[in-house]
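Note that the sequence shown ends on residue 1654 in the numbering used here; no numbers are left out. Ideal Cβ placement from N, Cα and C applies to all residues, glycine included. Computed from a predicted model, the values in this text were never measured in an experiment. Report on the following structure.
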Amino acid sequence: MTAIQRAYASDALGQLHYAEAGAGPALLLIGETPRSHRFFEPLLPLLAPTVRAIAVDLPGLGNSHGLPQPMSVRAIAACMVEFFDALGIERAHVFGMHTGNKVAAALAADWPERVDRLVLAGQTHSLFPETERRNAALAPSFARYRTAAGEPIEGDALREWLRTKLTLDTTWWPDALLVGRESARTIANAEARSIDFLLGWRSAVPIYHAVFALDLAEAVARIEAPSLVLELTTPQEGHYGLQGERLAGLMKHAMTQTIPVTFLAAMEEQTAEIADALLTFLNLEIINVHQ
1364 MTAIQRAYAS DALGQLHYAE AGAGPALLLI GETPRSHRFF EPLLPLLAPT VRAIAVDLPG
1424 LGNSHGLPQP MSVRAIAACM VEFFDALGIE RAHVFGMHTG NKVAAALAAD WPERVDRLVL
1484 AGQTHSLFPE TERRNAALAP SFARYRTAAG EPIEGDALRE WLRTKLTLDT TWWPDALLVG
1544 RESARTIANA EARSIDFLLG WRSAVPIYHA VFALDLAEAV ARIEAPSLVL ELTTPQEGHY
1604 GLQGERLAGL MKHAMTQTIP VTFLAAMEEQ TAEIADALLT FLNLEIINVH Q
């Protein structure tokens, strides 16, 4: 098993934490809110025989510094450029999942010289080109970080802390664990999710607001990099219809692929399929990816 190394890189706002494994072409992995590098720990060993896979804790998440101000997806993408500079990376492949696909799109659109190939991945709700439809589809995910009254988490400290505790409970006790399925692995996954939630919950609301404000259609239309829109489909979101082809249709050099996944657990339970799709698109040899 390839060892995962953890370290910090400095930018203008402080230090960004990351985990990496392997050697070869650089591949930046950007995850969902409020996940850190732990989100990609199952994937890193599968990529390491082929690439230098680098999973970054975004600003405000994991062990990285706080959010940039004023806050926007483009401001987070600017931190990724400084992250590249700190690691001496001129150009890299970039993979973004959910929030990460928005940051990756902004990075590729605003700094095309820094992105080689691009993968925008996510479940269907994350891939709507239209801002209003995407934000409506994201609303259930955002709801766990809002008060019962529907206001952003701010104000009364006890109410805020109670809301956080109730949300953490659902992370600590996932449905799969309650029915006794693969308990050891499920507990490890729940632990990683819970740690990330505790480290990043205060940043979740401003990150979601930044995502809501991003014109994804405008950003992807400016992307020059060869791109893959990787749509992770679930029965729960079948009523939306496939959105990957619609998003890719706005891009200059994009293709699409779909992978049916387990709802909310794709990176943990279908890691090999995602690794296969990613490395195949990057035109890289798949080495021991299923071991």
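By DSSP, does Ala1511 sit in helix, in strand, or in coil? Taking the sequence shown and counting its residues from 1, the one referred to as residue 1511 is at position 148. Any reading at Ala1511 must be qualified, since the residue scores a pLDDT of 42, below 50, and its modelled position is unreliable; no value is offered.
Mind checking whether Leu1613 and Ala1580 have CB atoms under 8 angstroms apart? Start at 1 with the first residue of the sequence shown, and residue 1613 comes out as number 250. Start at 1 with the first residue of the sequence shown, and residue 1580 comes out as number 217. Yes, these two residues count as a Cβ contact at 8 angstroms.
Distance check for Leu1521 and His1461, CA to CA, integer angstroms please. On the sequence shown, residue 1461 is found 98 positions in, with the first residue counted as 1. On the sequence shown, residue 1521 is found 158 positions in, with the first residue counted as 1. About 30 angstroms.
Measure the CB-CB distance between Ser1399 and Asp1374 and report whether it falls below 8 angstroms. Stepping through the sequence shown from its first residue, residue 1399 is reached at position 36. Stepping through the sequence shown from its first residue, residue 1374 is reached at position 11. Taking 8 angstroms as the Cβ cut-off, Ser1399 and Asp1374 do not qualify as a contacting pair.
Based on the DSSP secondary-structure assignment, which residues constitute the bridge partners of Glu1594? Numbered from 1 along the sequence shown, position 231 holds the residue referred to as residue 1594. Glu1594 is bridged by DSSP to Gly1485, Thr1621.
Quick one, are the C-beta atoms of Ile1439 and Tyr1381 less than 8 angstroms apart? Position 76 of the sequence shown holds residue 1439. Position 18 of the sequence shown holds residue 1381. 8 angstroms or more divides the Cβ of Ile1439 from the Cβ of Tyr1381.
Does the separation of the CB atoms of His1616 and Pro1598 fall below 8 angstroms? The residue given as residue 1616 occupies position 253 in the sequence shown. The residue given as residue 1598 occupies position 235 in the sequence shown. For the pair His1616 and Pro1598, the CB atoms are not nearer than the 8 angstroms cut-off.
DSSP on Val1414, reduced to helix/strand/coil? For the purposes of this step, residue 1414 is taken as residue 51 along the sequence shown, with counting starting at 1. Coil at Val1414, not helix or strand.
If you drop the 5 nearest sequence neighbours on each side, which residues of the same chain put their C-beta closer than 7 angstroms to that of Arg1437? Indexing the sequence shown from 1 puts residue 1437 at position 74. If the five residues before and after Arg1437 are omitted, its C-beta is found closer than 7 angstroms to the C-beta atoms of Ala1469, Asp1473, all from its own chain and listed in chain order.
Tell me which residues share the same chain as Ile1637 and place their Cβ nearer than 6 angstroms to its Cβ, disregarding the 5 neighbours each side in the sequence. Counting from 1 along the sequence shown, the entry for residue 1637 is found at position 274. Contacts found: none.
Could you give the distance in angstroms between the alpha-carbon of Leu1430 and the alpha-carbon of Ala1441? Start at 1 with the first residue of the sequence shown, and residue 1430 comes out as number 67. Start at 1 with the first residue of the sequence shown, and residue 1441 comes out as number 78. Between Leu1430 and Ala1441, the C-alpha separation is close to 12 angstroms.
Since Tyr1571 sits in a beta bridge, which residues does DSSP pair it with? Counted from its first residue, the sequence shown places residue 1571 at position 208. Residue pairing for Tyr1571: DSSP places it in no beta bridge.
Do you know how far the Cα of Ala1635 is from the Cα of Ala1584? For the purposes of this step, residue 1584 is taken as residue 221 along the sequence shown, with counting starting at 1. For the purposes of this step, residue 1635 is taken as residue 272 along the sequence shown, with counting starting at 1. When rounded, the distance between both Cα atoms is 30 angstroms.
Touch test, the stretch 1492-1509 against the stretch 1570-1577, Cβ-Cβ under 8 angstroms, three pairs minimum: With the cut-off at 8 angstroms, the stretch 1492-1509 and the stretch 1570-1577 touch.
Going by the beta-carbon positions, is the gap between Gly1485 and Ile1393 smaller than 8 angstroms? The sequence position of residue 1485 within the sequence shown is 122, counting from 1. The sequence position of residue 1393 within the sequence shown is 30, counting from 1. Contact: no.
Less than 8 angstroms between the C-beta atoms of Leu1450 and Ala1372, yes or no? Along the sequence shown, one-based indexing puts residue 1450 at 87. Along the sequence shown, one-based indexing puts residue 1372 at 9. Going by C-beta atoms, Leu1450 is nearer than 8 angstroms to Ala1372.
Which partner residues of Val1478 appear in the DSSP bridge assignment? Taking the sequence shown and counting its residues from 1, one reaches residue 1478 at position 115. For Val1478, the pairing in a beta bridge is given by DSSP as Ala1455.
So is Lys1528 buried or exposed if we call it buried at 16+ other beta carbons inside 10 Å? What you label residue 1528 is simply residue 165 of the sequence shown in a count that begins at 1. Classification of Lys1528: exposed, given that the 10 Å Cβ count is below 16.
Where does Glu1608 fall in DSSP's three states? As a first step, residue 1608 must be located in the sequence shown, where it is residue number 245. Assigned with DSSP and collapsed to three states, Glu1608 falls in helix.
Should Val1663 go down as buried or exposed, given a rule of 16 or more other Cβ atoms within 10 Å for buried? There is no way to answer for residue 1663, as the model of the chain reaches only from 1364 to 1654.
Could you tell me the boundaries of the alpha helix (DSSP H) in which Asp1448 lies? Position 85 of the sequence shown, counted from the first residue, corresponds to residue 1448. Looking at the DSSP string, the run of the alpha helix (DSSP H) that includes Asp1448 is 1436-1450.
Could you compute how far the alpha carbon of Glu1587 sits from the alpha carbon of Val1466? Residue numbering aside, residue 1587 sits at position 224 when the sequence shown is read from its first letter. Residue numbering aside, residue 1466 sits at position 103 when the sequence shown is read from its first letter. Approximately 15 angstroms between the Cα atoms of the pair.
Could you have a look at Leu1391 and say whether DSSP puts it in helix, strand or coil? Mapped onto the sequence shown, residue 1391 falls at position 28. The answer is strand: DSSP assigns Leu1391 an E or B state.
Expressed to the nearest angstrom, what Euclidean distance is found between the alpha-carbon atoms of Asn1498 and Ala1551? Against the sequence shown, residue 1498 aligns to sequence position 135. Against the sequence shown, residue 1551 aligns to sequence position 188. Here the C-alpha atom of Asn1498 lies approximately 31 angstroms from the C-alpha atom of Ala1551.
DSSP state of Glu1545 mapped onto helix, strand, coil: Residue mapping note: residue 1545 aligns to position 182 of the sequence shown, counting from 1. Correct three-state label for Glu1545: coil.
Beta carbon of Gly1387, beta carbon of Ser1566: below 8 angstroms? Walking along the sequence shown from the start, residue 1387 turns up at place 24. Walking along the sequence shown from the start, residue 1566 turns up at place 203. No. Outside cutoff.
Between the C-alpha atoms of Val1482 and Met1630, what's the straight-line distance to the nearest angstrom? Working through the sequence shown from its first residue, we reach residue 1482 at position 119. Working through the sequence shown from its first residue, we reach residue 1630 at position 267. Approximately 15 angstroms between the Cα atoms of the pair.
Just how far apart, CA to CA, sit Asn1321 and Glu1476? Only positions 1364 to 1654 of the chain appear in the structure, and residue 1321 is not among them; the question remains open.
DSSP has Tyr1603 in a bridge; who is on the other side? The count along the sequence shown starts at 1 and reaches residue 1603 at position 240. For Tyr1603, which the question treats as bridged, DSSP gives no partner whatsoever.
Please name the residue, chosen from His1488, Ser1546, Ala1555, that lies closest to Glu1594 on a Cα-to-Cα basis. As a position in the sequence shown, residue 1594 is number 231, starting the count at 1. Considering only His1488, Ser1546, Ala1555, the residue with the shortest C-alpha distance to Glu1594 is His1488.
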